[in-house]
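Below is one structure, written out as C-alpha cells; the observations come after it.
Protein chains: 2
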Amino acid sequence: MDLDQFSPVPRCDCPHTHPSLIADAHQDMPAEEMLYDLAELYKVFGDSTRIKILYALFEAEMCVCDIAALLNMTQSAISHQLRVLKQSKLVKFRREGKAIFYSLADDHVRTIIDMGMEHLCE
Amino acid sequence: MDLDQFSPVPRCDCPHTHPSLIADAHQDMPAEEMLYDLAELYKVFGDSTRIKILYALFEAEMCVCDIAALLNMTQSAISHQLRVLKQSKLVKFRREGKAIFYSLADDHVRTIIDMGMEHLCE
DNA sequence: ATAACGCATGAACAGTTGTTCATACGTTTA
DNA sequence: TAAACGTATGAACAACTGTTCATGCGTTAT
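Sequence lines, in order, name chains A and B. Anchor point for the first sequence: position 19 equals 19 in the working numbering, and the numbering is continuous, going up by one each time. Position in the second sequence counted from 1, then plus 122, gives you the working numbering.
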C-alpha cells in the first residue's frame, strides 16, 4: 500500500493511544487505491434511482423505456444512471433491434442489496 | 408502497415493452421510503475516509485521536465522519474518562464491505 | 476553581452529483 | 434514402458532500 497515506506514529498525547494497535491497523489496511475503488462501488448503490433500477432488474431484463416508464422518469435520466451501473459492472446489456435490454451482471448485486436491507430491518 | 411514485402503464410505444412485466416489477418494488433509506445506508459506505475508519475498527476499538493519527487526518474530520457512521448504526462507542472508544456495531458491517471487495476482485 | 485534554459542532468553502434539455447516434422500416 | 424510433451524450444547473477552521462541551488533574 501507499505508506505515505498513513502516519505510522500517533501524534496526540492521548494516554489511551496504543502505538502497536495503530501499527497493526496500518499493516492490515488495504491499498489506498483499493479503498478508493470500494468507496466508488458503494457510491453507485448510494442513489435511490439506481437502487430502483436494480430492483427492477431483479424481476427480468428490461429495455430503457420500460425502466423509465416503471420509475416514471425521463429516458435520459435512466440512461445516464444505467451508464454508471454499467461502468461498475453491476449491469450488462444486449441489443435487440432498436432496443437495448439491460440485466444484472451477476448475483453479487442482489446479495449486496439484501445485506443492506438486512441491516436496515434489524 | 407509495403507488403514485411509479407509473403503472408504460408510456412509450416500444414494441418490446411488456406491460405485465412492468406491473410485476411494480408489485415487487419495496416501499419508496425503504429504497431511500437503503440508498442512504450505501451512501455512508461511499466515502473512502469512512471505509478506512471501518477497516481500522476491524482491528479493535479505537479512540478518535488514534484513528486521526492512523489516517493522518484532523480530529475534526474524523469526528464528523464518526457521527455519520454512528447515525447509520454502523459503529457504537463507550466513554472511558476523557477518551471515547469507537467500535463496529455488528458483524453486518464487515460482511457488507467484504461483499464489495469480492465484487471488485472478480 | 482552573487549566489541560479529548471530542463534538456549526459555519463556510470547494468539489461532486443527479436531473433536465437539446441533440446526436445506431437500427429498422417505408 | 429518408423518416421514425430507442438510446446515448454533452452542457448546465441546483442540490448535496467532505474538509477545514474556530469554538464549545465534558471530563480529569493540578
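Where a beta carbon is used, it is the ideal one built from N, C-alpha and C, also for glycine.
Check, Outcome
"For residue 196 (chain B) and chain A, any beta-carbon pair shorter than 7 Å?", "no"
"Using a Cβ-Cβ cut-off of less than 9 Å, give me the residues of the segment 32-55 of chain A that come near chain B, in sequence order.", "32, 34, 35, 36, 37, 38, 39, 40, 41, 42, 43, 44, 45, 46, 47, 48, 49, 50, 51, 52, 55"
"Using DSSP's beta-bridge definition, name the partner residues of residue 104 (chain A).", "A:91"
"Where does residue 174 (chain B) land, buried or exposed, given buried means 16+ other C-beta within 10 angstroms?", "buried"
"Find the residues of chain B that neighbour residue 21 (chain A), judging by a C-beta separation of less than 8 Å, and give them in chain order.", "181, 182, 184, 188"
"Return no unless some Cβ of chain A is closer than 7 Å to the Cβ of residue 146 (chain B).", "yes"
"When the Cβ atoms of the segment 221-240 of chain B are set against those of the segment 169-188 of chain B, are three or more pairs found closer than 8 Å?", "yes"
"Opposite residue 62 (chain A) in the DSSP bridges: which residues?", "A:102"
"I'd like to check one pair, residue 93 (chain A) with residue 63 (chain A): are the Cβ atoms closer than 7 Å?", "no"
"By the 10 Å Cβ neighbour count, where 16 or more other Cβ atoms means buried, how is residue 80 (chain A) classified, buried or exposed?", "exposed"
"Could you work out which residue in A:25, A:42, A:48 is closest to residue 73 (chain A) when comparing CA atoms only?", "A:48"
"Residues of chain A with CB closer than 8 Å to the CB of residue 150 (chain B), please, in chain order.", "55, 58, 59"
"Where residue 124 (chain A) and residue 157 (chain B) are concerned, what is the direct C-alpha to C-alpha distance, given to the nearest angstrom?", "Nothing can be reported for residue 124 (chain A): it is not among the residues displayed for chain A, which extend from 1 to 122."
"Which residues of chain A have a Cβ atom closer than 8 Å to the Cβ of residue 202 (chain B), listed in chain order?", "Near residue 202 (chain B) there are no residues of chain A at all, since even the closest Cβ is about 16 Å away, more than 8 Å."
"Starting from the Cα of residue 65 (chain A), find the closest Cα among B:236, B:141, B:240 and give me that residue.", "B:141"
"Compare the Cα-Cα distances from residue 99 (chain A) to each of A:75, A:87, A:105 and report the closest residue.", "A:75"
"Pull up the DSSP beta-bridge partners for residue 96 (chain A), would you.", "A:99"
"Please list, in chain order, the chain A residues whose beta carbon lies closer than 8 Å to that of residue 242 (chain B).", "34, 37, 38, 41"
"How would you write the range of the alpha helix (DSSP H) that residue 169 (chain B) sits in, first residue to last?", "Careful: residue 169 (chain B) lies outside any alpha helix (DSSP H) and carries neither H nor E."
"Does any residue of chain B bring its CB to less than 7 Å from the CB of residue 100 (chain A)?", "no"
"How many whole angstroms separate the CB atoms of residue 46 (chain A) and residue 168 (chain B), which I take to be in contact at a CB cut-off of 8 Å?", "4 Å"
"For residue 39 (chain A), which three-state DSSP category applies?", "helix"
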